[in-house]
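Shown next, in structure tokens, is the structure this report addresses.
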């Protein structure tokens, strides 16, 4: 079974955040709340963690995994960002958006879409998520926790623990924001393309 950890929604306890981050560094898988529902996370480069996420979510090899960043400064080493994309991301973040961008040569190939060489980038507006990324010291690799056959992400940590705790190393209990998936926007071309409408207001694009 997983470790079940409850974090304060505004001021996450440093000692507990450190325990969660230790799990990520040790190759573990974490379920955590964000501003758009629950997500699954592992350390970048953790192939076993990626495979576990694919198994739980029943994802194919074309899925764009997302790098969750603390701020825009962490995006640069990961993705190729044009001028229009730069302005849009700066204007809309932090918030419930996932931006699809071309990955740089520094990104592990196993985290990229195998044909398009793209990845997702997120800068959430959520204290618990921000505390995890800050303590980790780098972006974490993540995927929205949507069960197979469902359209909405998980929103309760205790339900995740009860049903899938045996597949996850740590489940963080904490509030989510909108309780619906992020809005996914492809920024690989000059004109933004909405791939999925969600919590982010597309009229802002």
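Residue numbers (the numbering used here): 9 to 213. Think of the CB as a built atom: it goes at the ideal place given N, C-alpha and C, for glycine as much as any other residue.
Rounded to the nearest whole angstrom, the C-alpha separation of residue 179 and residue 156 is 19 Å. Setting aside the 5 residues that flank it on each side, residue 77 is surrounded in the same chain by 83, 131, 147, each with a C-beta closer than 6 Å to its C-beta; the list follows chain order. For residue 79, DSSP records no beta bridge to any residue. Between the alpha carbons of residue 194 and residue 102 lies a gap of roughly 17 Å. By the Cβ test, the segment 133 to 151 is in contact with the segment 55 to 70, since at least three Cβ pairs between them sit closer than 8 Å. In this model, residue 123 and residue 164 are separated by some 35 Å (Cα to Cα). The secondary-structure analysis by DSSP pairs residue 149 across a beta bridge with 50, 75. Residue 53 is classed as exposed because its beta carbon has fewer than 16 other beta carbons within 10 Å across all chains shown. The beta carbons of residue 168 and residue 49 sit about 13 Å from each other, so the pair does not count as a contact at 8 Å. Looking at the backbone, the Cα of residue 153 and that of residue 14 are separated by about 18 Å. By the beta-carbon neighbour count (other beta carbons within 10 angstroms, threshold 16), residue 138 is buried. Linking residue 86 to residue 16 through their CA atoms gives a straight-line distance of about 30 Å. Inclusion of residue 44 and residue 189 in the CB contact set at 7 Å is warranted, their separation being smaller than that value. The alpha-carbon separation between residue 89 and residue 191 amounts to approximately 18 Å.
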